[in-house]
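In full-length UniProt numbering, the protein residues as written are 1 to 399. What follows is a single structure, written as structure tokens, with notes after it.
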């Protein structure tokens with residue numbers, strides 16, 4: 001996964017163009033760099049000073065900043081330090097007409113990727129930009145692989161039954177569409193969160209963050225602040241500096257809204273705007289914040305019925321179910337029961353230093369005939385340390 005080269009530039013696999021911010025007080029340089037970089041199919045933003053740049057970065061997080069060292073007001077080196085404190089993954093190339101060894105050393109120590117002197121040749125800029133974006137891509141790939149290893153190591157998707165295999169094949173196809181919204185429906189405990197995470201890891205957005213929130217776990221006001229963030233003083237108890245919300249944190253990644261049916265009608269309207277216009281305002285804010293995230297929602301309710309009752313917006317429902325997924329309960333996928341049992345036993349063996357190696361036939365029969373409500377319920381009741389299950393001579397026995 002990650003980024004791939006196309007011609008002389010780097011393009012993300014999901015087709016999202018790398019974002020480059022040019023900060024220079026000289027208009028001719030801004031225009032020159034913009035023209036050259038846009039020809040390479042980068043998305044370019046231009047600012048003439050550090051102060052405006054910081055405002056922009058709050059709305060649009062760039063992959064790379066081409067930054068003039070000497071500017072009125074805050075200079076480039078100070079802005080570099082602020083940028084790195086906001087997001088250390090943003091690459092920065094400093095540009096200066098007053099180059100010195102001391103300046104270069106200071107820039108590198110502050111986290112700059114490169115340091116180029118004016119006047120520069122466009123070819124040199126293109127090479128430096130490509131190297132910076134390539135280094136960033138590699139760094140994100142390493143982080144992604146670490147995260148993916150952790151997730152897969154602890155949460156595998158067991159798909160032996162025909163129904164679940166069809167779901168996984170459907171999910172793999174869905175993951176290739178990086179922007180379409182997804183609605184996962186199924187009873188509680190059927191693995192909706194696991195599937196959402198799997199979609200993210202299989203998609204081209206996996207270099208970015210997977211953020212999740214349980215809409216039923218927070219009050220309306222807290223959920224709004226958690227999702228959209230807030231400005232300082234916007235409500236009693238708001239921090240003195242304000243706070244970015246989960247949508248901002250998930251920029252270019254995936255936002256998972258669990259139990260979406262529990263969201264209030266007023267918040268549904270705000271979410272609808274995110275889906276339609278890809279922007280929103282923080283609580284107490286006046287400026288729009290642009291956002292590029294894939295939204296995955298889940299529910300254990302019949303949303304069509306909730307729409308009829310007036311509890312859920314019809315327009316939001318159709319916006320969410322662009323790509324629907326239904327997860328059947330465990331009682332309808334019996335071929336997965338024994339493989340799941342073996343998987344849970346393997347985990348418990350490792351966690352509690354046990355050596356349970358087989359499942360007696362009578363236990364298998366009991367497991368297959370029991371009416372399981374959910375995967376979570378199943379895992380709990382097949383635990384070797386639950387009162388319903390005991391171990392003897394390293395075998396599994398059900399009481």
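The beta carbon of each residue, even a glycine, is placed where N, CA and C say it ideally should be.
Asked, Found
"Cutoff 6 Å; reference residue 16; Cβ partners in own chain excluding five residues on either side", "none"
"Spatial distance of residue 28 from residue 60 (CA atoms)", "23 Å"
"The segment 340-349 in contact with the segment 176-191 per 3-pair CB rule at 8 Å", "no"
"Per-residue burial, residue 136 [other beta carbons within 10 Å of its own, 16 or more giving buried]", "buried"
"The alpha helix (DSSP H) enclosing residue 400, as first and last residue numbers", "Because residue 400 is not part of the residues shown, which for the chain are 1 to 399, the question remains open."
"Backbone secondary structure at residue 70 - three-state DSSP", "coil"
"Buried versus exposed, by CB contacts within 10 Å (16 or more), residue 222", "exposed"
"Per DSSP, cross-strand counterpart(s) of residue 298", "184"
"Where the beta strand (DSSP E) through residue 61 begins and ends", "It is not in any beta strand (DSSP E) - residue 61 carries neither H nor E in the DSSP assignment."
"Beta-carbon proximity check, residue 250 vs residue 306, cutoff 7 Å", "no"
"Length of the line joining the Cα atoms of residue 32 and residue 112", "22 Å"
"Beta bridge counterpart(s) of residue 279 as assigned by DSSP", "290"
"Residue 152 versus residue 107: straight-line alpha-carbon distance, rounded", "The predicted position of residue 152 is uncertain, since its pLDDT is 38 and thus under 50; no value can be drawn from it."
"Residue 370 in three-state terms, based on DSSP", "coil"
"DSSP state of residue 329 mapped onto helix, strand, coil", "coil"
"Proximity test, residue 161 beta-carbon vs the ligand HEM heavy atom, cut-off 6 Å", "Within the structure as shown, the ligand HEM is missing, as the structure has no ligands at all."
"Reduced DSSP category for residue 45 - H, G, I as helix; E, B as strand; rest coil", "strand"
"Boundaries of the alpha helix (DSSP H) in which residue 247 is found, first to last residue", "246-249"
"Exposure of residue 21, with buried meaning 16 or more beta-carbon neighbours within 10 Å", "buried"
"Exposed unless 16 or more other CB atoms sit within 10 angstroms - verdict on residue 129", "buried"
"Cβ pair residue 192, residue 298 closer than 7 Å", "yes"
"Buried or exposed (CB count within 10 angstroms, at least 16 for buried), residue 326", "exposed"
"Beta-carbon separation (whole angstroms), residue 273 vs residue 289, contact threshold 8 Å", "Not really, about 11 Å apart at Cβ, beyond 8 Å."
"Residue 257 - containing beta strand (DSSP E), residue span", "254-258"
"Beta-carbon proximity list for residue 74, same chain, < 6 Å, skipping 5 on both sides", "50"
"Sub-7 Å separation of residue 230 and residue 163 beta-carbons", "no"
"6 Å CB neighbourhood of residue 167 in its chain, flanking five on each side removed", "none"
"Residues that DSSP places opposite residue 20 in a beta bridge", "44, 64"
"Length of the line joining the Cα atoms of residue 265 and residue 256", "18 Å"
"Short Cβ contact (7 Å threshold) for residue 296 with residue 196", "yes"
"For residue 227 and residue 165, the rounded distance between their alpha carbons", "33 Å"
"Contact the segment 84-92 vs the segment 37-44: 3+ CB pairs below 8 Å", "no"
"Integer-rounded CB distance, given that residue 157 should sit under 8 Å from residue 323", "With 8 Å as the limit, residue 323 and residue 157 do not qualify as a contact, their Cβ atoms being about 18 Å apart."
"Residue 200, buried or exposed, once every other Cβ within 10 Å from all chains shown has been counted against 16", "buried"
"DSSP state of residue 116 mapped onto helix, strand, coil", "strand"
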